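Student: Keeping their order, the protein sequence lines are chains V and A. What the first sequence shows, in the numbering used here, is residues 1 to 114, in sequence order. What the second sequence shows, in the numbering used here, is residues 1001 to 1114, in sequence order. Ideal placement from N, C-alpha and C gives every residue a C-beta, glycine not left out. Keep in mind that this is a model prediction, so the values were computed, not measured. Here's a structure for you.
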Amino acid sequence: NSKVIQTPRYLVKGQGQKAKMRCIPEKGHPVVFWYQQNKNNEFKFLINFQNQEVLQQIDMTEKRFSAECPSNSPCSLEIQSSEAGDSALYLCASSLAQSNTEVFFGKGTRLTVV
Amino acid sequence: GEQVEQLPSSLIVQEGASVLINCSYTDSASVYFPWYKQEPGKRLQFIIDIRSNMERKQTQRLTLLFDKKTKHLSLHITATQPGDSAIYFCSASIMNYNQGKLIFGQGTKLSIKP
């Protein structure tokens, strides 16, 4: 059973506000992914880390998001200035390797921007 | 970049029936194909995967077929049960450095009628 823990489960923010969510990856997993799942169930990859280092991120994440995975602390994803279009389910996942191996997901943080 | 197409978008069947979900991808560099099940309020649950050096994988009531030439996968679920009702996602991953992200299909909403 996956033990990727995401908090909070629900987050409501006004437009322009910061929105921060956290993720504790499965124990021993050095690789962490963040995805955004919109109301149409479309997934968008946002960023991934190996230990504390960013491996890859999309342009939107680089410009509007702040993400980190410090050692001995939860990983975090923060939207600097929330927009209505950011309303979505944010999924954190972890794995033992960057690719070609099982990826375990958390339950997600559902962000609503009002 | 990689694109994953999944059909059908929804299926409604009687309990006990078999179902087939199809998935196609575009990038021949994709080598790993995990499938996930998502129920409301629950985490994305890994159900089966296949690698590009295989043609078939079976676990209990799931059979996953892979055709590298046509870039096509199909998931067969037999003896469906009400607990199988969920959204099913196929995904693809390229095994290159920094390319471990998963690209997801649009999902197939499966509803099992008791």
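Give me the subset of the region 91–105 of chain V whose CB atoms are less than 9 Å from a CB atom of chain A, sorted by chain position.
Tutor: L91, A93, S95, A97, Q98, S99, N100, T101, E102, V103, F104 and F105
Student: To the nearest angstrom, how far is it from the Cα of I1094 (chain A) to the Cα of I1087 (chain A)?
Tutor: 23 Å
Student: Rounded C-beta distance between M21 (chain V) and P30 (chain V)? I'm assuming under 8 Å.
Tutor: The pair is not a contact, with the Cβ atoms about 20 Å apart (cut-off 8 Å).
Student: Establish whether the CB of L1064 (chain A) and some CB of chain V are separated by less than 8 Å.
Tutor: no
Student: Which residues bound the alpha helix (DSSP H) around M60 (chain V)?
Tutor: D59 to R64
Student: Quick check on the DSSP output: what are the complete alpha helix (DSSP H) runs of length 4 or more inside the region 1031–1094 of chain A, in order along the chain?
Tutor: none
Student: Under the DSSP definition of a beta bridge, which residues are partnered with E1005 (chain A)?
Tutor: A:S1024
Student: Rounded to a whole number of angstroms, what is the C-alpha to C-alpha distance between I5 (chain V) and S73 (chain V)?
Tutor: 12 Å
Student: What residues match up with A19 (chain V) in a beta bridge as DSSP calls it?
Tutor: V:I79
Student: Establish whether the CB of N51 (chain V) and some CB of chain A are separated by less than 8 Å.
Tutor: no
Student: Which class does A1017 (chain A) belong to by DSSP, given the choice of helix, strand or coil?
Tutor: coil
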